[in-house]
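**Q** In my numbering, the protein residues as written are 35 to 217.
I have a structure I would like to understand better, so I am pasting it below and will then ask my questions one at a time.
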């Protein structure tokens, strides 16, 4: 492999969460890119955790995201019905722990009642509109979902349409979607 290839920045991911009419959806595309090359088209970046009661989508370094998901599982075991507390405790550890501090990923986590974005900067953000997105195509999906929000009643249909728009605009996003829903 050339040095140029090794220095290419790995980019990928559009993760979107929509909460509407008693339903929460977390959807992620399947593309992983290194520079201008699509390395994989069918990656699963959305998972169920917490005994299936919590949806989690990740953007960033995959190994880092999996390490964070494992830690989130532990926090959910400690605080099984308190998603906000589990998220705050994870984020406190992420910010202060010498090992975790270097992890480069972001998470969207949602249960039947709440949705949060977690970052290594110590952020635990709950979106105002029930819509949030992360990743390289996140702003496209987020904008599309906000624009269609008052016209589309079903959260999953809204999420699919927004992701289709992100797929048309962002070269680091594709239409191989993983969709998880809690009603």
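All C-beta atoms, glycine included, are put in the ideal place defined by N, C-alpha and C.
1. Hey, how far is the Cα of residue 108 from the Cα of residue 85?
2. Expressed to the nearest angstrom, what Euclidean distance is found between the alpha-carbon atoms of residue 99 and residue 141?
3. Along the chain, where does the alpha helix (DSSP H) that runs through residue 149 open and close?
4. Out of 65, 170 and 149, which has the shortest C-alpha to C-alpha gap to residue 161?
5. Using the Cα positions of residue 38 and residue 71, report the straight-line distance between them to the nearest angstrom.
6. May I have the straight-line CA-CA distance separating residue 181 from residue 173, to the nearest angstrom?
7. So residue 54 and residue 211 are supposed to be a Cβ contact under 8 Å. How far apart are they, rounded?
8. Which runs of the alpha helix (DSSP H), 4 residues or longer, sit entirely within the segment 166-208?
9. Looking at the secondary structure, which residues open and close the beta strand (DSSP E) in which residue 90 lies?
10. How far does the beta strand (DSSP E) with residue 218 in it reach, from first residue to last?
11. Would you identify the three-state DSSP class for residue 75, choosing helix, strand or coil?
12. Any idea if residue 79 is buried or exposed, counting beta-carbon neighbours within 10 angstroms, 16 or more meaning buried?
**A** Working from what's here:
1. 11 Å
2. 8 Å
3. It is not in any alpha helix (DSSP H) - residue 149 instead sits in the beta strand (DSSP E) that spans 149-152.
4. 149
5. No answer about residue 38 holds up, because its pLDDT of 44 lies below 50 and its placement is not dependable.
6. 12 Å
7. The pair is not a contact, with the Cβ atoms about 18 Å apart (cut-off 8 Å).
8. 172-182 and 189-203
9. 88-94
10. Outside the shown range of the chain, which is 35 to 217, sits residue 218, and nothing can be said about it.
11. coil
12. buried
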